[in-house]
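Residue numbers (our numbering): -5 to 238.
We put the beta carbon where it would ideally sit given N, CA and C, even for glycine.
Below is one structure, written out as structure tokens, with a few remarks after it.
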């Protein structure tokens, strides 16, 4: 009897834990690759799991915050998905690198042209975004997830500070303190002046090394020819001596 009660209690505990952990672990979320520093640029991944056993996810829509519009949004191609970037007029133009921007991306939509995200799988959708705001600690994106059975799940509830996570939380990108290298990957791609100087020096050294190798090869070639001629001459002389 006691064993049955213990087993029943254990089963209820496990079931409760699974019920509580399931929704929290399965919603649409966003995470940066590396860090998302204020005032800089970042690459972020929207992670979309499939929560259904009898349908595939065939469409994902991510709406961008209007209180902190992002002037630069570039999606990375995802195999099996069509991507549509929607821009909208800004109520207040942005100034980015000395230029006035009157339009910003308001939504990015991924539509499956194949099977989509099947049951038991998830998909990541990468975006390069910037310039991130300097006056906010986070960005909230509202997402819609459409299944092949026409069901639409709305991940749009904004979390309250210090409160419990809502049932359908919106993806939230946490921003870190501004870094000295505000442009992140963009500057890495260009390379710093010292790096370029190192590359130039290395290239010169490689060129000099190649030139030295070529000169050595030429010298050895000439020496080989001379030795060959000397060998032939020696052979001719030796033959004449034997004939004499």
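Query raised in the report: Do the CB positions of residue 24 and residue 40 come within less than 8 Å of each other?
Result: Reading the chain shown from its first residue, position 30 is the one you call residue 24. Reading the chain shown from its first residue, position 46 is the one you call residue 40. Yes, they are a contact pair.
**Report entry** Neighbourhood of residue 63 by C-beta, 7 Å cutoff - its chain only, sequence neighbours within 5 removed
**Finding:** For the purposes of this step, residue 63 is taken as the residue at position 69 of the chain shown. Correct list, in chain order: 84, 88 and 98.
**Report entry** Cβ contact check for the segment 123 to 133 and the segment 70 to 84: 3 or more pairs under 8 Å
**Finding:** no
Query - Extent of the continuous beta strand (DSSP E) run through residue 170 - result: In the chain shown, residue 170 corresponds to position 176, counting from 1. Segment: none, residue 170 is in no beta strand (DSSP E) and carries neither H nor E.
Query raised in the report: If we count the other Cβ atoms within 10 Å of its Cβ and call it buried at 16 or more, is residue 12 buried or exposed?
Result: Here residue 12 is taken as the residue at index 18 of the chain shown, counted from 1. Note that residue 12 scores 39 on pLDDT, short of 50, meaning its location in the model is unreliable and no value can be drawn from it.
**Report entry** One or two residues paired with residue 68 in a DSSP bridge
**Finding:** Looking up residue 68 in the chain shown gives position 74. According to DSSP, residue 68 bridges with 122.
Report task. With DSSP collapsed to three states, give me the class of residue 106. Result -> Counted from its first residue, the chain shown places residue 106 at position 112. DSSP places residue 106 in strand when its eight states are reduced to three.
Query raised in the report: For residue 36, does the three-state DSSP call read helix, strand or coil?
Result: Here the question's residue 36 lines up with position 42 in the chain shown. Strand.
Report task. Count the other C-beta atoms from every protein chain shown that fall within 10 angstroms of the C-beta of residue 22, then say buried if there are 16 or more, exposed otherwise. Result -> Numbered from its first residue, the chain shown carries residue 22 at position 28. Burial call: buried.
Query raised in the report: Since residue 60 is in the beta strand (DSSP E), which residue starts that stretch and which ends it?
Result: Taking the chain shown and counting its residues from 1, the one referred to as residue 60 is at position 66. Note, residue 60: premise wrong, no beta strand (DSSP E); not H, not E.
Report task. Can you tell me which of the three DSSP states residue 98 falls into? Result -> Numbered from its first residue, the chain shown carries residue 98 at position 104. Residue 98 falls in the strand class under three-state DSSP.
Query raised in the report: Cβ atoms of residue 167 and residue 38: under 8 Å apart, would you say?
Result: For the purposes of this step, residue 38 is taken as the residue at position 44 of the chain shown. For the purposes of this step, residue 167 is taken as the residue at position 173 of the chain shown. Cβ distance < 8 Å, so residue 38 and residue 167 count as in contact.
Requested in this report: Kindly list the residues whose CB is nearer than 8 Å to the CB of residue 146, restricted to its own chain and excluding five residues on each side of it in sequence; keep chain order.
Outcome: Position 152 of the chain shown holds residue 146. For residue 146, where only same-chain residues beyond five positions count, the Cβ hits under 8 Å are 138, 139 and 140.
Query - Among 95, 121, 49 and 151, nearest to residue 30 - alpha-carbon criterion - result: Along the chain shown, read from residue 1 onward, the residue named residue 30 stands at position 36. Here the closest residue by C-alpha is 121.
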